[in-house]
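Colleague: Can you keep this structure in mind? I'll have questions shortly.
Protein chains in written order, with the working numbering: chain X, 240 to 577; chain H, 240 to 577.
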């Protein structure tokens, strides 16, 4: 088969790779229904995160089970499955505590931008649907694998409750789905920080009640104005830069909640400022596996349509253009079909 | 009257000051029953925090109302009262949200190491007891003003629940009372980090089940060993240095809770490490006023004896020796009697 490999910043190739096979009895191999490019793939693509030589790419996936190892019990060939970007055994203390993305046996999936994928710890990692979903639901099901699960964690970790005022910093696909998640959790007011019209429109469609284009200190000022000088109950940081983190922390009310769900790049938090900001802070790799059954249900019942974040759909062999379009912000998120 | 003034690092003087009077109709003036030296007073005493010229000291207090302003309704002359180190109106959005120490009208009390103290926002800040307490309860009642309230916040912000494993970093008076608080909240295992025998003994008396003398990475290793490699559910950081903060964060389990209740001095948190540590982080000036009625009750019912942290009691005019004894770690905490 062919798969996606990052050779150097800006250099994505779709080239011959070994077709994956069962290596451990706990593995499954799945045939991809759809995969996509993640905002986090852009960090190494832009050279903002070092890589060690050619790196196989992709960690968002859904598809049909092709083969399973001898120890796999919960999924079987032919079933449609979605899994998290982080594998988990679902039985270790961290999994049982609700943090499968910190599983004692965790591996981060890579190589998913390909027609076939080996998934370790298949029993713990994969969730099968009762029947094969209709094709139009595939994009939305794909989002549960990471981008929706991560947006959902942003809202959950920021303690979004019915009636709350939530601010979402970042208008990438995660930020937009954080808006959708905050809406599902009952936020009454959802302020999306965005300066791009297409993204503002999608944010509104997902439930944003206000749009703020200003950033940094000016953005914080605007949030304070919109909240009667108080600050927001919940702030969902979906970028990962120093500016966005500080904007998030300064936008929250004392005692409010700030979540951060993208790997922070070059971020340093000043202890004394954090102390006097009086916020709750929680983040990390989203425990997507915990949310998967619920999110898959919401999609199958067509209560949400997170697949709308895909505004570009390409055949898998045009993956390089998929990266370019996202890098140049011509696309919010690129769906790839094998 | 005479009051306590810090002139320079190590230079505490007890000297003539104006006797405080009612300045605003919302003020009360109280006659001190007892006051004390706080661990946070040692930062400027040691020159680790800059001061601008001579600085009146003290922010922990309890005593009898001497006089109230014309607008004060909830306390009256003769009543015994305790107040928080931070004033609060108890009606602003931050107070109503549970964060009176972020009150829109907050002032930090200073000048309490004196026989009389003016307390602004008396209605919101002070809590009166039904009758004058017996003298032997005064030290414990005094602790509710800050050191116990802050230890209590450490346990609350670290989400200590029945059955939890809690680690307390720091064996100062706040850390010791954080042990007591974690015990009250039902922690099953309480690991106190301390290398001083007298403090270890008091920690055990307050409820510590384990003592760890190791610090830094070695301390983290020990916590991991004691928790089966998992890390603690709750870690209560009661020091405020870079080392203690990192020790706290690294001692928590993924998804666990870390609180920090002393002003961080020179602390910088690396975003990416915090992200992968997967912890909840919450801290700030303790919202003591929220806890005061409950803590005062616990003391009056003699369910707790937090006053044991005072292992040195001096007449107020010997306040300089009180600072010296704490600085040299000859005393855990100094009680001062006018």
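The beta-carbon is built from N, C-alpha and C at its ideal position, and this holds for glycine as well. The model shown is predicted, which means the values in this text are computed figures rather than measured ones.
I'd like to check one pair, residue 423/H with residue 543/H: are the Cβ atoms closer than 9 Å?
Modeller: It is a contact, given that the beta carbons lie within the stated cut-off.
Colleague: Here's a check: name, in chain order, each residue in its chain whose Cβ is nearer than 6 Å to the Cβ of residue 448/X, leaving out the five neighbours to either side.
Modeller: Result list for residue 448/X: 428, 429, in chain order.
Colleague: Give, in chain order, every unbroken run of the alpha helix (DSSP H) that is at least 4 residues long and sits entirely within the region 494 to 576 of chain H.
Modeller: Fully enclosed alpha helix (DSSP H) runs of 4 or longer: 510 to 516, 527 to 539, 558 to 566.
Colleague: Once the 5 residues before and after residue 284/H are set aside, which same chain residues still bring their CB inside 8 Å of it?
Modeller: Once the five neighbours on either side are set aside, the close Cβ partners of residue 284/H are 245, 248, 249, 251, 562, 566.
Colleague: Would you list the residues sitting across from residue 366/H in a DSSP beta bridge?
Modeller: DSSP lists 321/H as partners of residue 366/H.
Colleague: Which stretch, first to last residue, makes up the alpha helix (DSSP H) that contains residue 348/H?
Modeller: It is not in any alpha helix (DSSP H) - residue 348/H carries neither H nor E in the DSSP assignment.
Colleague: For the region 314 to 346 of chain H, enumerate the residues whose C-beta is nearer than 7 Å to any C-beta of chain X, in chain order.
Modeller: Of all residues in the region 314 to 346 of chain H, 332, 333, 336, 337, 338, 341 have a Cβ within less than 7 Å of some Cβ in chain X.
Colleague: Quick check on residue 540/X - is its C-beta less than 9 Å from some C-beta in chain H?
Modeller: No, because no Cβ of chain H sits closer than 9 Å to the Cβ of residue 540/X.
Colleague: Flag this pair as yes or no: are the beta carbons of residue 497/X and residue 518/X separated by less than 9 Å?
Modeller: A contact, by the Cβ cut-off of 9 Å.
Colleague: Any beta-carbon of chain X closer than 9 Å to the one on residue 401/H?
Modeller: So no, residue 401/H is outside the interface.
Colleague: Does residue 413/H come out as helix, strand or coil in the three-state DSSP assignment?
Modeller: Residue 413/H: helix per DSSP, three-state reduction.
Colleague: Can you give the beta carbon distance from residue 477/X to residue 408/X, rounded, assuming they're within the 8 Å contact cut?
Modeller: At roughly 6 Å, the Cβ-Cβ gap stays under 8 Å, so residue 477/X and residue 408/X are in contact.
Colleague: Quick check on the DSSP output: the alpha helix (DSSP H) that includes residue 338/X runs from which residue to which?
Modeller: No alpha helix (DSSP H) holds residue 338/X; DSSP gives it neither H nor E.
Colleague: Shorter than 9 Å from the beta carbon of residue 372/H to some beta carbon of chain X?
Modeller: No, no contact with chain X.
Colleague: Is there a C-beta anywhere in chain X that falls below 9 Å from the one on residue 439/H?
Modeller: For residue 439/H, the answer is no, since every Cβ of chain X falls outside 9 Å of its Cβ.
Colleague: For residue 264/X, which three-state DSSP category applies?
Modeller: Residue 264/X: coil per DSSP, three-state reduction.
Colleague: If you reduce the DSSP assignment to three classes, tell me which class residue 432/X lands in.
Modeller: Three-state DSSP puts residue 432/X in a strand.
Colleague: Listed in chain order, which residues of the region 502 to 515 of chain X have Cβ atoms closer than 8 Å to some Cβ of chain H?
Modeller: From the region 502 to 515 of chain X, only 502, 503, 504, 505, 506, 507, 508, 509, 510, 511, 513, 514, 515 have a Cβ closer than 8 Å to chain H.
Colleague: Give me the residue from 527/H, 484/H, 291/H, 577/H with the minimum Cα distance to residue 504/H.
Modeller: The candidate whose alpha carbon is nearest that of residue 504/H is 484/H.
Colleague: How far does the beta strand (DSSP E) with residue 476/X in it reach, from first residue to last?
Modeller: Start and end: 471 to 476.
Colleague: Got a sec: is the Cβ-Cβ distance from residue 521/H to anything in chain X below 9 Å?
Modeller: Yes, residue 521/H counts as interfacial toward chain X.
Colleague: Give me whichever residues DSSP pairs with residue 300/X in a beta bridge.
Modeller: For residue 300/X, which the question treats as bridged, DSSP gives the partners 274/X.
Colleague: Measuring CB atoms only, is the region 328 to 343 of chain H touching the region 299 to 309 of chain H, in the sense that at least three cross pairs come out at less than 8 Å?
Modeller: Too few Cβ pairs lie closer than 8 Å, so no.
Colleague: Quick one, which of 457/X, 455/X, 442/X has its alpha-carbon nearest residue 582/X's?
Modeller: The requested residue 582/X is not part of the displayed model; chain X covers only 240 to 577.
Colleague: Would you mind telling me which residues of chain H sit closer than 7 Å to residue 561/X, beta carbon to beta carbon, in chain order?
Modeller: The premise fails here: residue 561/X is roughly 26 Å from chain H at the closest Cβ pair, so nothing lies under 7 Å.
Colleague: Do you know offhand how far residue 388/H's Cα is from residue 471/H's?
Modeller: Roughly 23 Å separates the two Cα atoms.
Colleague: Please name the residue or residues paired with residue 251/H in a DSSP beta bridge.
Modeller: Looking at the DSSP assignment, residue 251/H forms a beta bridge with 245/H.
Colleague: Taking Cβ positions only, does residue 524/X come closer than 9 Å to chain H?
Modeller: Interface residue, yes.
Colleague: For residue 385/H versus residue 319/H, is the C-beta spacing smaller than 9 Å?
Modeller: It is not a contact, given that the beta carbons lie outside the stated cut-off.
Colleague: Between which two residues does the beta strand (DSSP E) harbouring residue 405/H extend?
Modeller: Counting along the chain, the beta strand (DSSP E) containing residue 405/H begins and ends at 404 to 408.
Colleague: Since residue 426/H and residue 403/H are thought to touch, with beta carbons under 8 Å apart, how far apart are those beta carbons, to the nearest angstrom?
Modeller: At roughly 5 Å, the Cβ-Cβ gap stays under 8 Å, so residue 426/H and residue 403/H are in contact.
Colleague: I'd like to know whether the C-beta of residue 517/X is nearer than 9 Å to at least one C-beta of chain H.
Modeller: Residue 517/X counts as touching chain H.
Colleague: Within the same chain, show all residues whose beta-carbon is closer than 7 Å to that of residue 364/X, passing over the 5 residues directly before and after it, in chain order.
Modeller: So the qualifying residues of the chain are 322, 323, 326, 327, 358, 528.
Colleague: Identify the residues that DSSP records as bridge partners of residue 449/X: which are they?
Modeller: For residue 449/X, which the question treats as bridged, DSSP gives the partners 430/X.
Colleague: Grab me the residues of residue 302/X's own chain with a C-beta within less than 8 Å of its C-beta, minus the 5 sequence neighbours each way, in chain order.
Modeller: Taken in chain order, the residues that qualify are 269, 270, 271, 272, 273, 319, 320, 356.
Colleague: In the DSSP output, what is residue 269/H paired with across the bridge?
Modeller: Answer by DSSP bridge pairing, in chain order: 304/H, 356/H.
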